[in-house]
Structures are given as structure tokens and as C-alpha cells.
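Once you know that position 102 of the sequence shown is 102 in UniProt numbering, the rest is easy, because the numbers rise by one and skip nothing.
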Amino acid sequence: MIYNCDLPCSFFLSLLSVLGSSVVFIQQPHDLVVVAGQPVTLPCSITGYHGMVLWVKDGLALGVNRDMSGYPRYDVIGDHSKGEYHLLIQRTELTDDGSFECQAIQAATRSRPARLTVLVPPDDPVIIGAPVVSLRAGDSLNLTCHADNAKPAASIIWIRNGEVLNGAAYTKTLLRDGRRESTVSTLHISASNIESGQQITCRASNKAAPNGKEATVTIDIQHFPLVNLSVEPQPVLEGNLVKFNCAAKANPPVTHYRWAKRGNMITDATGDTYEVLVDHSFFTEPVSCEVTNALGSTNISRNVDVYFGPRLAAEPHSLQVDRGSDAVFSCAWIGNPSLTIVWMKRGHGVVLSNENTLTLKGVRQEDAGKYVCRAVVPRVGVGEKEVTLTVNGPPTISSTQTQQALYGEKGQIKCFIRSTPPPDRIAWSWKETVLESGTSGRYTVETVSTEDGVISTLTMNFAIYHCVFIQLCK
Ligand SMILES: *[C@@H]1O[C@H](CO)[C@@H](O)[C@H](O)[C@H]1NC(C)=O
Ligand SMILES: *[C@@H]1O[C@H](CO)[C@@H](O)[C@H](O)[C@H]1NC(C)=O
Ligand SMILES: *[C@@H]1O[C@H](CO)[C@@H](O)[C@H](O)[C@H]1NC(C)=O
């Protein structure tokens, strides 16, 4: 039976109800809102009527009196004798949504239509990628959460640390049943505004679920190893133990450590520490620690502040220069902490220079000798290097002008020649005779080289002779 009233029919029924004035609705169904799954009762009480009572939904007859046999969740309840025909709907479903009327058929009277609205909470929201969303450091994050099958459509908010995050964009889609909707919300978070380990919650709510339903995701930011390389103790005296500590933070975790010194692998160090007795090389050759995780490697190096005594970096060389020209010596040392350099002439306490170079201008014969380049690292050590300055020039001859000998004995005249370079020839002469070496008659010449010069001795009878020196110029 379909009691579908169009306008004239409706008018006719109303007219009848006015005419049959003894039939009165004490209670009529009214608009109701119910959450799916809950029971609901649509009231209907009629006095002065003993005929059939019919419930109609959206123009479709449900059943007469208590007979709701086609609708197992529907019951007509109340005291019939008092004219009560309330419609009880158990476990409401979305299909119960509609317009209901209670009709007193024989009296041709009907209640006003009552709208039953069934609300449906959203399904549990789902964040794409949950429970953990990984991203690389520096990347921004887009989170998507959907809450489906809700009536009315769920609204979605995003929450972090108890605060609502603004700026999410959402879309709604109506389902095929024409009643429920699904909501999708997308949240964009810039790289600077996000930290690893943070939890972000998507909360979906509608009238059927006013407290909302939540889903939470944990943010996992992956990055290259962040490394600190420390050296203890520092400064340290050469020969002592030093510990390198390579502290790394990495996500995903560190897979391995490698150590090197000036590019050469240190194979016996494989963990995050390296212990070694340091020498001066650690001052100039950095030790590096390379930390690797699944994303890549980070390599950090450190030099050690090793204290060490002077070590020669550029050796000074002995010089041979002509008289009157300049002599320039240079030497270079390294040491730590900073060293001082002192140039001195051996045997003289005078400091000639505190630079790497020592310049002697217009050297004279007396400048010849040994020079010392000395380096001092205070409280750590001293180093020293000696060089010789040789000055080229005419020889100097020393001999007493007059030497005496007893008559009848041998007489000797000694002649001392200091010369750089050494003399090419030494000759003795008297009257027309010239003797360089060996014996001639009663005369003998002997020449002996010493460290300081050459001594030439003429052995003879009584007479006075002159020692003559001849140098061939270079
Ligand atoms: C996130 O979404 C924005 C648009 O909202 C887009 O420009 C950007 O490329 C997306 N980023 C990622 C990592 O998907
Ligand atoms: C490196 O040292 C800094 C300053 O001491 C510290 O803030 C940082 O957390 C350290 N990083 C690592 C990976 O240990
Ligand atoms: C770290 O980098 C330096 C310079 O590129 C390199 O010499 C060294 O071998 C590297 N260290 C490791 C442990 O690979």
C-alpha cells in the first residue's frame, strides 16, 4: 500500500481532520536527530480514535498498528488503550534517515511530518604513511589525513604539542549513497618548522563524534652524520697519549667510523675513539674521522696542539764570499709553541739577528769564522746549527823582520801566512835566488799547512833573508 499524498489529497485529509474533530493528536512525532546505532522513539498518541494507525516513511507505509513485520528493528510501542502508537527504532541506521508520519487512517487524519536525521561518525581517520613519516633534513613535509563515511562530512584539524596547526587544505567527496561524505585534509609544513620525533595528530569530528577521532604520526627526520671531533688533552707535549673522540649524531644510525692521518688510513681504529702517542707530525698532519650512515658520510679533521722542540725546516749553508761583498745565511725551524731564532758568531756573545736570515754586509777578513743559528721553544727545547763563513782575500803574512842565530849553527826563519783561498805558491828569495821548496845548497824550505794558515820555514846559515809571498789571483 502506498499512501503517497500529493497536494489535493493532503488538503482533503486535513479537511477531514477538521471535520472529525473528536480525533486529536495528543503527541505528534517531531524532528529528531540521532547518531547511527542509537535507538530513537517517534511519539504518536491519538485520542478519540479506535481505527488503524499507520506509520509512513517518505510516503512509504511501514505497517499498521503493531505490525512492523517487514522492519525487524522497528516496533510500535505504548499503551494502545490510551491511543499510544510510538514508533521505536532500534540501532538506527543511515537508511532510517527520512520523513515520518503517523496516520489515523479511518479518521483520515495524519500527524505533521517529522524529520529523522541519522548522523554517522567518521571512520577512524588515517594519516598516509603513519605511524612514522620519514623525510630528509631540509625537505618540507606534506601530511594527508582522511576521515571517511561521515554524515555530515567530518571536519579535520591538525594538532602539534597541543596547538592547532593552521593552513591545511581540505576536500570533501559525497559518497554514492548520497548521504555520507569523505574528507581529505592536507597539511604543508616547511622544513624549518619541524623537528624529528615530533608527533602530529589529525583529529576528525562531526556532530556524531563531537569529541573527534584521532590519528597520530611521528616525524622522523633523516640526516647525514653530525660530527664533533675532540682531542684530549691539549696542548700536549710530544710523546704523550692523546685521545680523539668522534661524537656523531645520525639518523639513520651510524654504520661505521674510519680514521686517517693526512690521507693515510689508520686501520687499527674502527670505533668512535682513537688513542695514540703523538709526535710533532700531529701538529701539521690532521687526523680525520669519517662517519657514515645510510645517507652518506661526514669527514672532520683536527690537528693536535703538540708541543715540540725546534726541528730544522731549512738548513743553513756555509758560505765562501769575497772580501767586501755581502754574506747572507738563512735557516728555518718549526716548533710549537712559537720559537725564537738567534744568530750569533761562535765565540762571541752578540746576537746578530732574530730573523731566519742573517745578512753580513761588506764582509771583512775578521768576519770569517763559525756562525750559529739557534732556535728556542721556551720550556720545550733548543736546536742549533753551525755554518762557516770563509772570506776570500789577499794573504796576511807574519814574520819577524829580523831573526837571529848563533854563529856556526843553523838559523831558521818562519813565515806564517793566513790566506783564503790557500796560497798557490810560497817562495823565499834573497839576492838573485828564489827558492820555493826543497834544498838549494845550504838552504832548505819546508811548508806546513795548519788549520789557521800556512807556515813556511827557511833553514840556512847566517844571513838575513826576506820571505816573499806570491799569490796568483783567481
Ligand atoms: C607539498 O605540497 C605542495 C603544495 O601544497 C607542493 O608544492 C610540494 O611540492 C609538496 N611537497 C612534497 C614534498 O610533496
Ligand atoms: C657538537 O658540539 C656542539 C657544541 O658543543 C653541540 O651543541 C652539539 O650537540 C655537538 N654535536 C654532536 C654530534 O655531538
Ligand atoms: C677525510 O677527508 C680528507 C680530505 O679529503 C682525506 O684525506 C681523508 O682520508 C678523509 N678521511 C677518511 C677517514 O676517509
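Ideal Cβ positions, reconstructed from N, Cα and C, are used throughout, including at glycine.
Coarse secondary structure for residue i, derived from DSSP in three states
{"i": "glutamine 103", "result": "strand"}
{"i": "serine 81", "result": "helix"}
{"i": "asparagine 161", "result": "coil"}
{"i": "leucine 458", "result": "strand"}
{"i": "asparagine 228", "result": "strand"}
{"i": "glutamate 238", "result": "coil"}
{"i": "asparagine 193", "result": "helix"}
{"i": "glutamine 365", "result": "helix"}
{"i": "threonine 270", "result": "coil"}
{"i": "threonine 255", "result": "coil"}
{"i": "histidine 188", "result": "strand"}
{"i": "residue 475", "result": "Since the displayed the chain opens at 1 and closes at 474, residue 475 lies outside it and no answer follows."}
{"i": "lysine 410", "result": "coil"}
{"i": "lysine 431", "result": "coil"}
{"i": "alanine 208", "result": "coil"}
{"i": "aspartate 177", "result": "coil"}
{"i": "asparagine 354", "result": "coil"}
{"i": "isoleucine 128", "result": "coil"}
{"i": "residue 476", "result": "Because the chain here runs from 1 to 474, residue 476 falls outside it and cannot be looked at."}
{"i": "histidine 146", "result": "strand"}
{"i": "alanine 260", "result": "strand"}
{"i": "asparagine 166", "result": "coil"}
{"i": "aspartate 220", "result": "strand"}
Local Cβ density within 10 Å of residue i, reported as buried at 16 or more and exposed below that
{"i": "histidine 146", "result": "buried"}
{"i": "asparagine 206", "result": "buried"}
{"i": "glycine 162", "result": "exposed"}
{"i": "serine 140", "result": "exposed"}
{"i": "alanine 269", "result": "buried"}
{"i": "proline 72", "result": "exposed"}
{"i": "leucine 458", "result": "buried"}
{"i": "methionine 460", "result": "buried"}
{"i": "proline 423", "result": "buried"}
{"i": "isoleucine 470", "result": "Any reading at isoleucine 470 is ruled out, since the residue's pLDDT is 49, under 50, leaving its predicted position unreliable."}
{"i": "leucine 60", "result": "exposed"}
{"i": "asparagine 293", "result": "buried"}
{"i": "leucine 241", "result": "exposed"}
{"i": "residue 542", "result": "Outside the displayed range of the chain (1 to 474) lies residue 542, so it cannot be described from this structure."}
{"i": "residue 495", "result": "This structure cannot speak to residue 495, because the chain is shown only from 1 to 474."}
{"i": "lysine 370", "result": "exposed"}
{"i": "valine 291", "result": "buried"}
{"i": "valine 76", "result": "buried"}
{"i": "serine 281", "result": "exposed"}
heavy atom of ligand 2 below 7 angstroms from residue i C-beta
{"i": "asparagine 299", "result": "no"}
{"i": "valine 227", "result": "yes"}
{"i": "lysine 249", "result": "yes"}
Any non-hydrogen atom of ligand 3 within 7 angstroms of residue i CB
{"i": "alanine 260", "result": "yes"}
{"i": "serine 330", "result": "no"}
{"i": "glycine 271", "result": "no"}
{"i": "glycine 263", "result": "yes"}
{"i": "glutamate 285", "result": "no"}
{"i": "proline 288", "result": "The identity of residue 288 in the sequence shown is serine, whereas the question assumes proline. Serine 288 Cβ: within cutoff of ligand 3."}
Boundaries (first-last residue) of the alpha helix (DSSP H) holding residue i
{"i": "threonine 450", "result": "Premise fails: threonine 450 is in no alpha helix (DSSP H) and is neither H nor E."}
{"i": "serine 281", "result": "281 to 284"}
Endpoints, the beta strand (DSSP E) within which residue i is located
{"i": "serine 398", "result": "381 to 398"}
{"i": "threonine 298", "result": "296 to 302"}
{"i": "asparagine 293", "result": "287 to 293"}
{"i": "arginine 311", "result": "306 to 314"}
{"i": "alanine 137", "result": "Segment: none, alanine 137 is in no beta strand (DSSP E) and carries neither H nor E."}
{"i": "leucine 174", "result": "169 to 174"}
{"i": "alanine 327", "result": "327 to 330"}
{"i": "glutamine 198", "result": "Where glutamine 198 is concerned, there is no enclosing beta strand (DSSP E), given that its DSSP letter is neither H nor E."}
{"i": "glycine 347", "result": "Unbroken run through glycine 347: none, as it is neither H nor E."}
{"i": "glycine 438", "result": "438 to 440"}
{"i": "aspartate 322", "result": "319 to 322"}
Ligand 4 heavy atom lying under 7 angstroms from the CB of residue i
{"i": "lysine 151", "result": "In terms of ligand content, the structure shown lacks ligand 4 and carries ligand 1, ligand 2 and ligand 3 instead."}
message = Report the start-end ranges of each beta strand (DSSP E) in the UniProt domain "Ig-like" (21 to 117) that is 3 residues or longer and not cut off at the edges.
response = Here the runs fully enclosed are 24 to 27, 32 to 35, 40 to 42, 45 to 47, 53 to 57, 60 to 64, 74 to 77, 86 to 89, 98 to 104.
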